[in-house]
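Sequence lines, in order, name chains F and R.
For the first sequence, my numbering gives the first residue as 1, with consecutive numbering after it.
For the second sequence, my numbering gives the first residue as 1, with consecutive numbering after it.
All residues carry an ideal CB built from backbone N, CA and C; glycine is no exception.
Data first, discussion second: the structure below is written as structure tokens.
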Amino acid sequence: MIVYDKKYDVIVVGAGHAGCEAALAASRMGCATLLLTINLDAIALMSCNPAIGGLAKGHLVKEIDALGGEMARNIDATGIQFRILNTRKGPAVRASRAQADKQLYRLRMKRVLENQDNLHLKQAEVTGLRVEEGRVAGVDTKAGVRFAAETVILTTGTFMRGLIHIGLTNYPGGRAGDLPSIGLSDQLRELGFEVGRLKTGTPARLDGRTIDFGRLEPQYGDDPPLPFSFSTPRIDQPQVPCHIAYTNEKSHEIIRGGLDRSPLYAGIIEGIGPRYCPSIEDKVVRFPDKERHQTFIEPEGRETVEVYPSGLSTSLPIDVQWAFYRSIEGLERVEIMRPAYAIEYDYVDPIQLHASLETKLIRNLYHAGQINGTSGYEEAAGQGLLAGINAALRVRGKEPLVLGRSEAYLGVMIDDLVTLGTREPYRMFTSRAEYRLLLREDNADLRLREHGHAVGLLPEEEYRRFLEKREMIGAEFERIRQVKILPSGADPAFLEEFGLVGMQNAMTLEQLLRRPDVGYAELARIDGESREVPAQVAEQVEIQVKYQGYIDRQLEQVERSRKLESARIPEGFDYLVIAGLTAEVREKLHKFRPDTLGQASRIPGVTPAAITVISIALKARGAR
Amino acid sequence: MYVQDTIAAISTPLGEGGIGVIRVSGPGAGPIAATIFRKKRDGGLLSHRFYYGEVVDPGSGDTLDEALLVMMRAPRSYTREDLVEIQCHGGYLVVQRLLDLVLRQGARLAEPGEFTKRAFLNGRIDLVQAEAVIDVIRSKTDAALTLAQHQRGGLLSERIAAVRERLVHALALVEAHIDFPEEEVGSLTTAEIGRLAGEAATGIENLLAGFSEGKVLREGVSVLIAGKPNVGKSSLLNTLLREKRAIVTSVPGTTRDIIEEVVNIGGLPVRMLDTAGVRETDDIVEQEGVRLTLERIPQADLVLFMVDGSRPFDSEDRMIMAALGPARVIMVQNKSDLPAAIELPVELAETEKVAISTLTGAGIERLRAMIRDAFLHGRAVDGREFVALSRARHRDALVKAQGFVARFGDSLAAGVGLELLAWELREALQAVGEVTGETTPDEVLDLIFSRFCIGK
Numbered sequence: 001m002i003v004y005d006k007k008y009d010v011i012v013v014g015a016g017h018a019g020c021e022a023a024l025a026a027s028r029m030g031c032a033t034l035l036l037t038i039n040l041d042a043i044a045l046m047s048c049n050p051a052i053g054g055l056a057k058g059h060l061v062k063e064i065d066a067l068g069g070e071m072a073r074n075i076d077a078t079g080i081q082f083r084i085l086n087t088r089k090g091p092a093v094r095a096s097r098a099q100a101d102k103q104l105y106r107l108r109m110k111r112v113l114e115n116q117d118n119l120h121l122k123q124a125e126v127t128g129l130r131v132e133e134g135r136v137a138g139v140d141t142k143a144g145v146r147f148a149a150e151t152v153i154l155t156t157g158t159f160m161r162g163l164i165h166i167g168l169t170n171y172p173g174g175r176a177g178d179l180p181s182i183g184l185s186d187q188l189r190e191l192g193f194e195v196g197r198l199k200t201g202t203p204a205r206l207d208g209r210t211i212d213f214g215r216l217e218p219q220y221g222d223d224p225p226l227p228f229s230f231s232t233p234r235i236d237q238p239q240v241p242c243h244i245a246y247t248n249e250k251s252h253e254i255i256r257g258g259l260d261r262s263p264l265y266a267g268i269i270e271g272i273g274p275r276y277c278p279s280i281e282d283k284v285v286r287f288p289d290k291e292r293h294q295t296f297i298e299p300e301g302r303e304t305v306e307v308y309p310s311g312l313s314t315s316l317p318i319d320v321q322w323a324f325y326r327s328i329e330g331l332e333r334v335e336i337m338r339p340a341y342a343i344e345y346d347y348v349d350p351i352q353l354h355a356s357l358e359t360k361l362i363r364n365l366y367h368a369g370q371i372n373g374t375s376g377y378e379e380a381a382g383q384g385l386l387a388g389i390n391a392a393l394r395v396r397g398k399e400p401l402v403l404g405r406s407e408a409y410l411g412v413m414i415d416d417l418v419t420l421g422t423r424e425p426y427r428m429f430t431s432r433a434e435y436r437l438l439l440r441e442d443n444a445d446l447r448l449r450e451h452g453h454a455v456g457l458l459p460e461e462e463y464r465r466f467l468e469k470r471e472m473i474g475a476e477f478e479r480i481r482q483v484k485i486l487p488s489g490a491d492p493a494f495l496e497e498f499g500l501v502g503m504q505n506a507m508t509l510e511q512l513l514r515r516p517d518v519g520y521a522e523l524a525r526i527d528g529e530s531r532e533v534p535a536q537v538a539e540q541v542e543i544q545v546k547y548q549g550y551i552d553r554q555l556e557q558v559e560r561s562r563k564l565e566s567a568r569i570p571e572g573f574d575y576l577v578i579a580g581l582t583a584e585v586r587e588k589l590h591k592f593r594p595d596t597l598g599q600a601s602r603i604p605g606v607t608p609a610a611i612t613v614i615s616i617a618l619k620a621r622g623a624r
Numbered sequence: 001m002y003v004q005d006t007i008a009a010i011s012t013p014l015g016e017g018g019i020g021v022i023r024v025s026g027p028g029a030g031p032i033a034a035t036i037f038r039k040k041r042d043g044g045l046l047s048h049r050f051y052y053g054e055v056v057d058p059g060s061g062d063t064l065d066e067a068l069l070v071m072m073r074a075p076r077s078y079t080r081e082d083l084v085e086i087q088c089h090g091g092y093l094v095v096q097r098l099l100d101l102v103l104r105q106g107a108r109l110a111e112p113g114e115f116t117k118r119a120f121l122n123g124r125i126d127l128v129q130a131e132a133v134i135d136v137i138r139s140k141t142d143a144a145l146t147l148a149q150h151q152r153g154g155l156l157s158e159r160i161a162a163v164r165e166r167l168v169h170a171l172a173l174v175e176a177h178i179d180f181p182e183e184e185v186g187s188l189t190t191a192e193i194g195r196l197a198g199e200a201a202t203g204i205e206n207l208l209a210g211f212s213e214g215k216v217l218r219e220g221v222s223v224l225i226a227g228k229p230n231v232g233k234s235s236l237l238n239t240l241l242r243e244k245r246a247i248v249t250s251v252p253g254t255t256r257d258i259i260e261e262v263v264n265i266g267g268l269p270v271r272m273l274d275t276a277g278v279r280e281t282d283d284i285v286e287q288e289g290v291r292l293t294l295e296r297i298p299q300a301d302l303v304l305f306m307v308d309g310s311r312p313f314d315s316e317d318r319m320i321m322a323a324l325g326p327a328r329v330i331m332v333q334n335k336s337d338l339p340a341a342i343e344l345p346v347e348l349a350e351t352e353k354v355a356i357s358t359l360t361g362a363g364i365e366r367l368r369a370m371i372r373d374a375f376l377h378g379r380a381v382d383g384r385e386f387v388a389l390s391r392a393r394h395r396d397a398l399v400k401a402q403g404f405v406a407r408f409g410d411s412l413a414a415g416v417g418l419e420l421l422a423w424e425l426r427e428a429l430q431a432v433g434e435v436t437g438e439t440t441p442d443e444v445l446d447l448i449f450s451r452f453c454i455g456k
């Protein structure tokens, strides 16, 4: 091995969505950082759907932005269709989603990385870790170069022992068109990690010139498009529509006819796939009564004819793919530019991680993204950001940043992963967050900006603007509690419209706002100052007033669980000698090794009685 | 952990009995046994063997009693600690003196339920079992015992699982519409969600109705016999007791205090209260008894309003009728062996009635059935199909769940946001989980994926 003469603080292996955030966070926090990738032209490549956000994922993107990550700004700069989902539902479950111009997205991220101080980008395949006395010391590459580092972050995506399946044909690859990473996961296994196998898939990319869009239903984005980032003032680039198409009975027949050559049904694929993202053959088999399945035909960019038919991923042979895609109305003449495929890859069960994303086995080694069994760009980016922050904090000798379940979806995700591990690709859902009403997109900045600032990721200017906004919200609250509408002084038409005729006492603006039919738009009609309140401030005040009862109840729950969450279980705590635990619970705790009582309480099968017993044991231990 | 000291208590009910048992648990159990017990044969105490010998006060050398002793070494004992049981002759004094001796050797008097608590803390039984065991100990009749055993066996868990299943299902429907707005999950069918929540509510309601029955079985009910003098109240009590305990005479006004007896009626522990005959009287002592009777009426779970069927309904009967108020009442018309002369006033037309004769025993079985049915709604108490909650903790959790389900219903009707609906369901689920200690991690997602074709 040729040893490179520079020692880095942080080496990030992989330049996907996790790797980019990790490398940016570490370098922005002042660490000498090296980002290694198998292919410098595939930085931040969207290997699957050309979109960012969606339910719970949009939440993650806003949180990444609040902490000082890059994803939100990157999609704001390159998005070609923005939509807010669930607008008719409550604020907690509204979420942003955007179609990306895939090539622009990757190029813009590459440029940001290239312009970043303290950050080196190099093309190399990492084949092994250097480990000295239980602590990582650097990486070895296929080209025979050794890079030394204080900390290493692995973000290998689908590359470790990647195996691509198209029908019964399969070959090694990290993604269609890219080499796999060979050797690294074998070494991880040798080091004592439990390494598993997962599977995911992607649909074919179709030639838009061969699709009759006139027969498909267009779906347009919001006008005006609303940005993800708290720092983006507005979206200027032109916007384009998606189109909706449907499979039919004929498509399903074709699929059923090809099942004997499906690697999934032939038992060739051993990795576990995501249930929420099944292949089309899976859908047809599992829901035989469904007459049609919907697909959104999503543009891959403005400068390409390639389109992405969402929901139609498959690993069926290419001839079945041809027939199947062409059975769809409007796609009769469609040409496939890139075939659909499934990919199997190695992952490392995240139960082997601390909540900082550092591995329990090897000090200063962090895992983020699909290597942890997650799926999704946003999930990966969120982990990458926190791994980058925590590696940098380690270099500085500081305590890690661990977000709570009541603070962020990021906290929920990482806690789920490190507490329970995962056996199938893990995706974020809002239903995973027990404090969903507190974890909204709209208040991600209020929840997390302070953390971003504290670790040094948030530029002073951004922070100052945030403080200003927070102050204005506080002041506005004061104001609406003070300002009263007098029965005599109010506009009679207004009183009439809102059923307030004959009201006896003065009403504060807050009381008015609490009514379901009154928002800031209505307040503005009778109160001049309400008209002047900036939209972001009005939004916060309105949500908090309207949902106060619910929010208070959630805060109470948070308070109740705080004790459990803060009760730390020492490393190496021996459950086997604790009397009062059933064998099953004992075994589970021994295997899962929770860091806190809160984590322990979330392990299925660990009963409240068991938690009581452990807490007694912990107290006894503390007393000794 | 708790302090590993040694505890002792009398394990048999206080009072006269054939034998009395003293139980000692903890590290000191063995040494204490060795100090105070003199075996007939030499040698050490083997675990799980009965030994015959004498209990001797080592201070005075006095023999207190002859006794059988069994030593159960940890962990093969009820508490999983060293445990000694001493069987001596029954009777308050003997047992008490023996316990005092054990306590003087360094043991501490056990708190109520402490042996079971140790069994729980040492992992021999789980929480629900521990609670059920305490109920077994405290249960007064066979029916209560069956109930407690069924709670241990999991019938209660089964019923609760049915409620949970409905709630999880409803929640999955709601969550599918929150997390997958772009998928074809169809429009939200509030009818189906409403139906599921309704079924859950009914299930909870039934369990809660069972709570009062569970409580009835564990703690018993009070039944007051009220009537004017000499209608046969004490005779009825004695008939029910099948032995003569209250003074029975034909001179009016002999039962002046309230007599309380526990009777087993069809598996139901009933505290029968026989009262001073109510009559208009000038006698100071008797007036006191009358006042006491009338006062007791509203506190009783059931009033047996007893009249003499061979005589007309008179002003004294009317006085009692006036005092009944909203109490649950069974009219008991005694002396059916004599020609009927009574004509009941219209106010009592709707009241349940039974004609009996304490002399011949006619109608007594019918009366027993009526008393039982008044509390157990005619259900079989052999336990096979009978699930009742007997713990206040379970009840509280279910009352909470009921509140959330009700709030869910209101919210559904009011058309509030899905995420708020989901929350009420989650809270209800959590409350239900408090009974069984279950959590719901991925259950909801599992159901969504199996029911809806999700994925893009």
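What does residue i touch in chain R if you count any residue whose Cβ is under 7 Å from its own?
| i | result |
| --- | --- |
| Arg436 (chain F) | Glu419 |
| Ala92 (chain F) | Glu419 |
Can you tell me which of the options puts its alpha carbon nearest to the alpha carbon of residue i?
| i | options | result |
| --- | --- | --- |
| Lys39 (chain R) | R:Val56, R:Gly26, R:His48 | R:Val56 |
| Tyr409 (chain F) | F:Ala600, F:Arg423, F:Tyr347, F:Thr430 | F:Thr430 |
| Leu191 (chain F) | F:Gln237, F:Thr202, F:Arg130, F:Val152 | F:Arg130 |
| Lys199 (chain F) | F:Ser229, F:Asp236, F:Thr155, F:Pro278 | F:Pro278 |
| Leu173 (chain R) | R:Ile371, R:Glu434, R:Ala422, R:Val432 | R:Ala422 |
| Leu420 (chain F) | F:Val518, F:Pro594, F:Arg333, F:Lys546 | F:Pro594 |
| Phe573 (chain F) | F:Asn39, F:Pro91, F:Asp140, F:Leu618 | F:Leu618 |
Run down chain R in chain order and give the residues with a C-beta less than 9 Å from the C-beta of residue i.
| i | result |
| --- | --- |
| Ala56 (chain F) | Asp179 |
| Val285 (chain F) | None at all; the shortest Cβ gap to chain R is about 11 Å. |
| Leu495 (chain F) | Within chain R, no residue comes near Leu495 (chain F); the closest Cβ sits about 24 Å away, beyond 9 Å. |
Terminal residues of the continuous beta strand (DSSP E) containing residue i?
| i | result |
| --- | --- |
| Ser222 (chain R) | 221-227 |
| Thr169 (chain F) | 169-172 |
| Arg432 (chain F) | Premise fails: Arg432 (chain F) is in no beta strand (DSSP E) and is neither H nor E. |
| Gln294 (chain F) | 294-299 |
| Asn334 (chain R) | 329-334 |
| Gly53 (chain F) | 51-53 |
| Phe37 (chain R) | 37-39 |
Quickly, what does DSSP pair residue i with across the bridge? List them, please.
| i | result |
| --- | --- |
| Cys88 (chain R) | R:Gly20 |
| Leu68 (chain R) | R:Tyr52, R:Gln87 |
| Ile336 (chain F) | F:Leu206 |
Starting from residue i and walking both ways along the alpha helix (DSSP H), at which residues does that stretch end?
| i | result |
| --- | --- |
| Ile164 (chain F) | Here Ile164 (chain F) belongs to no alpha helix (DSSP H); instead the beta strand (DSSP E) covers 163-166. |
| Lys6 (chain F) | From DSSP, Lys6 (chain F) is part of no alpha helix (DSSP H) but of the beta strand (DSSP E) over 2-13. |
| Ile43 (chain F) | Run containing Ile43 (chain F): none; DSSP gives neither H nor E here. |
For chain B, check one thing: does any of its Cβ atoms lie closer than 8 Å to the Cβ of residue i?
| i | result |
| --- | --- |
| Leu83 (chain R) | Among the protein chains in the structure shown, which are F and R, there is no chain B. |
Along chain F, in chain order, which residues have C-beta atoms closer than 8 Å to that of residue i?
| i | result |
| --- | --- |
| Val444 (chain R) | Ser431 |
| Leu429 (chain R) | Correct list: empty, because the minimum Cβ distance to chain F is about 11 Å. |
Just to make sure I have the definition right: I need the residues of chain R whose C-beta is within less than 8 Å of the C-beta of residue i. Which are they?
| i | result |
| --- | --- |
| Asn86 (chain F) | Ile178, Pro181 |
| Tyr550 (chain F) | Leu420, Trp423 |
Mind pulling the chain F residues with CB within less than 9 Å of residue i?
| i | result |
| --- | --- |
| Glu66 (chain R) | Correct list: empty, because the minimum Cβ distance to chain F is about 36 Å. |
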